[in-house]
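Trainee: The numbering used here numbers the first residue of the sequence shown as 1 and each following residue consecutively. Built from N, CA and C at the ideal position, the CB exists for glycine as well. Mind looking over this structure? Questions follow.
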Amino acid sequence: MIKDLFIILLTSSLINNIVLSQFLGLCPLMSTSEKTKTAARMGMTVIFVITFASAINGFIYEYILLKRNVVFLKTIIFILVIIALVQLIELIMKRFFNKSFKAMGMYLPVIMTNCVVLGAMLINAQTGFGFLHNLMNGFALAFGFAIVIIIMAGIREKIIYNNIPESFKGLPVILLIAGLMSMAFFGFTFLI
């Protein structure tokens with residue numbers, strides 16, 4: 001059981017990284033990875049939202065959609081749960097953790113429409129895992145996203161002072177870094 005959860009953690013966060021191997025979440029990778037602090041906030045918010053959404057959607061999928069044979073509704077149900085969850089988190093943070101809410105202000109609404117969150121829910125539904133394994137898979141996918149976005153921000157902070165050719169500035173250098181990171185993460189394939 002513990003071994004299975006550890007394998008899911010390694011596989012979903014490093015080997016089948018949601019950003020570098022499945023190409024989900026490229027928009028926040030490009031936009032919020034300029035500063036490490038910003039990337040870390042975005043990563044932590046995504047971990048929080050995907051983990052809770054995995055728990056709720058895993059329960060709904062396993063005990064409602066599968067039992068009633070209405071699996072074709074999973075995408076719309078997952079989207080509604082994600083929207084409701086993000087709105088609830090936003091209300092709670094605004095009420096009780098106002099300072100943290102102001103620091104994360106724009107990231108919560110961005111996460112609501114982020115393809116990483118919905119992609120993680122659909123991946124969980126495809127795997128056929130039980131509730132605990134779905135929860136770990138959701139956490140691992142979000143953790144992998146956080147790792148990549150923080151590493152990207154660190155690299156972008158370092159290369160800002162380099163003499164980059166004009167034609168490579170901006171998006172081209174980001175895509176080049178993402179490609180190199182993807183090749184580096186490919187090395188984790190041989191862990192399992």
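State the Cα-Cα distance for the pair A120 and S21, rounded to the nearest angstrom.
Mentor: Locating residue 120 in the sequence shown gives position 120, where the first residue counts as 1. Locating residue 21 in the sequence shown gives position 21, where the first residue counts as 1. For A120 and S21, the distance between alpha carbons rounds to 13 Å.
Trainee: Determine contact between the region 78-95 and the region 53-68, defined as no fewer than three beta-carbon pairs at a distance below 8 Å.
Mentor: yes
Trainee: Following the continuous alpha helix (DSSP H) through Q87, name the residue where it begins and the one where it ends.
Mentor: Counting from one through the sequence shown, the residue named residue 87 turns up at place 87. Annotation for Q87: the continuous alpha helix (DSSP H) segment containing it runs K74 to F96.
Trainee: Hey, would you say E90 sits closer than 8 Å to L118, going by beta carbons?
Mentor: On the sequence shown, position 90 is the one that residue 90 refers to. On the sequence shown, position 118 is the one that residue 118 refers to. Going by C-beta atoms, E90 is not nearer than 8 Å to L118.
Trainee: Would you give the residue range spanned by the alpha helix (DSSP H) that P28 belongs to?
Mentor: Here residue 28 refers to the residue found at position 28 of the sequence shown. Run containing P28: L26 to S31, per the alpha helix (DSSP H) assignment.
Trainee: Whose C-beta lies closer than 7 Å to the C-beta of L10 among residues of the same chain, with five residues either side of it excluded?
Mentor: For the purposes of this step, residue 10 is identified with residue 10 of the sequence shown, where counting begins at 1. Hits under 7 Å: L191 and I192.
Trainee: Mapping the DSSP letters down to three states, classify G144 as helix, strand or coil.
Mentor: The residue given as residue 144 occupies position 144 in the sequence shown. Helix.
Trainee: Consult DSSP for K99 and reduce its assignment to one of helix, strand or coil.
Mentor: The residue you call residue 99 lines up with position 99 of the sequence shown. Note: K99 maps to helix in three-state DSSP.
Trainee: Buried or exposed, going by whether 16 or more other CB atoms sit within 10 Å of the CB of L176?
Mentor: Here residue 176 refers to the residue found at position 176 when the sequence shown is read from its first residue. L176 should be labelled exposed.
Trainee: At what residues does the alpha helix (DSSP H) containing N124 begin and finish?
Mentor: What you label residue 124 is simply residue 124 of the sequence shown in a count that begins at 1. From DSSP, the alpha helix (DSSP H) with N124 extends over C115 to T127.
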